[in-house]
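This report refers to the structure that appears directly beneath it.
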Amino acid sequence: MNIKHSIGVFDSGYGGLTVFKSIAEKLPQYNYIYFGDNARSPYGDHSFETVYQYTLECVEWLFAQGCQLVILACNTASAKALRSIQQNVLPFKYPDNRVLGVIRPTAEIVGSFTSSNTIGVMGTRGTINSESYLIEINKFFPEVKVLQQSCPMWVPLVENNEHLDPGADYFVEKIY
């Protein structure tokens, strides 16, 4: 496999595999490298500086593997690190490389899926507190009301494949 022109897909865990699957189905002609930073997952409760540092390390690793394009399939990394990497690192250190996130593409289309003009966004504390979805959705669909809820227990439940277990209902009902 020639990885020189691979696309890197990064998430702090397994959730980005759904993003990866969708991209690979639409663009099967490319090779892909998936990087899940499970050792430091979830990113949601970490500071901006920590998320930025972790994300930059993973992006640079993917660049070193030959990926010229990296997709941040992690909402928290997209919310807290993407712009800084795009503006402060790429132009000076990797001018031929690109890093894209998942928030803006989602915001560009999500408004067309609501019949009530209300959208709910659930995510980690870091994603919700950044208000990135709220800001981006408002750019494309200013008439849509955006409700946000941080769900810190969901990442461990999903990442450990326990989200369908009866015990998961207890946590969801108790906390949310």
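To convert, take the position in the sequence shown, counting from 1, and add 1004; that gives this note's numbering.
All residues carry an ideal CB built from backbone N, CA and C; glycine is no exception.
Remember, it's a predicted structure, so these values are computed and weren't measured experimentally.
Those residues which DSSP pairs with residue i across a bridge
i	result
Q1152	V1125
G1040	D1015
V1074	G1012, V1103
Cβ neighbours of residue i in the same chain (closer than 7 Å, five flanking residues each side left out)
i	result
A1083	I1107, G1130, T1131, S1134, S1136
V1103	V1063, V1074, L1076, L1086, I1089, Q1090, L1094
N1121	E1147, V1148, K1149
Proximity below 8 Å, CB of residue i to CB of residue j
i	j	result
F956	A1077	The structure shown has nothing for residue 956, since the chain only spans 1005 to 1180.
V1074	L1066	yes
V1125	V1148	no
F1014	F1052	no
G1070	S1010	yes
A1028	Y1018	no
L1161	F1175	yes
A1172	E1163	no
V1159	G1012	no
Q1072	N1101	yes
R1044	Y1034	no
Own chain partners of residue i with C-beta closer than 6 Å, once the 5 adjacent residues on each side are dropped
i	result
E1140	I1107, R1108, A1111
K1178	none
S1154	R1129, I1132
P1170	none
L1021	none
Beta-carbon separation (whole angstroms), residue i vs residue j, contact threshold 8 Å
i	j	result
P1046	T1128	6 Å
T1080	S1016	7 Å
Q1152	L1138	6 Å
Residues of its chain near residue i, where Cβ-Cβ distance is below 8 Å and the 5 sequence neighbours each way are ignored
i	result
K1030	none
With three or more C-beta pairs closer than 8 Å as the rule, is the region 1088-1101 touching the region 1115-1125? no
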